[in-house]
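Numbering of the sequence shown is given in the numbering used here, commencing with residue -3 and proceeding in unit increments. Note that CB positions come from ideal geometry on N, CA and C, so glycine has one too. Inspection log for the structure reproduced underneath, given as structure tokens.
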Amino acid sequence: MSFEYKIVGIRGATSLSEDHPIALTENVLELWNEIMDKNDISRIISVIFSVTPDIKSLNPATILREKLDLNNVPFMCLEEASFNDSREKIIRVLIICESSTQNFVYLHEAKNLRTKKE
């Protein structure tokens, strides 16, 4: 069976109960592993993280560089704009990659950011 790989953006998000380096590391790695498990990614082009303004303890990109040795992947981390009724302690990721799939992953309180269309 042959798969067609194309360049796609795969979204994901998770939440924290507290801004602490251990919690941040656990949740970012959990999100990354879920995205990798649910997608057929052949090559990562770049990764963009965004965090809400209340997350300051650690850069999510640093976690992936150090824990998964992804030193050849271009990363960027941005602070989310703050709006009325914005959720707190949310980490979002956009993975630009070559993949035959495009399955988004939302974990913990971030599940409420998107509703699935049936």
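Based on DSSP bridge pairs, tell me the residues matched to residue i.
i: residue 43; result: 71, 91
i: residue 2; result: 95
i: residue 83; result: DSSP output for residue 83 lists no bridge partner at all.
i: residue 7; result: 90
i: residue 37; result: 95
If we count the other Cβ atoms within 10 Å of its Cβ and call it buried at 16 or more, is residue i buried or exposed?
i: residue 63; result: exposed
i: residue 70; result: exposed
i: residue 108; result: exposed
i: residue 79; result: exposed
i: residue 114; result: Its pLDDT being 36, under 50, residue 114 is placed unreliably by the model, and the measurement read from it follows with that caveat. By the neighbour-count rule (16 or more Cβ atoms within 10 Å), residue 114 is not buried but exposed.
i: residue 3; result: exposed
i: residue 74; result: exposed
i: residue 86; result: buried
Quick one: measure Cβ to Cβ for residue i and residue j, integer angstroms, because I've assumed they're closer than 8 angstroms.
i: residue 30; j: residue 90; result: Rounded, the Cβ-Cβ distance is 15 angstroms, inconsistent with contact.
i: residue 27; j: residue 10; result: 4 angstroms
i: residue 6; j: residue 100; result: 6 angstroms
Just reading off the alpha helix (DSSP H) that residue i is part of, what are its end residues?
i: residue 77; result: Premise fails: residue 77 is in no alpha helix (DSSP H) and is neither H nor E.
i: residue 107; result: Looking at the DSSP string, residue 107 is not in any alpha helix (DSSP H), and its letter there is neither H nor E.
i: residue 29; result: 17 to 34
i: residue 52; result: No alpha helix (DSSP H) holds residue 52; DSSP gives it neither H nor E.
* Asked: Should the region 45 to 59 be called in touch with the region 91 to 98, which here means at least 3 C-beta pairs below 8 angstroms?
  -> no
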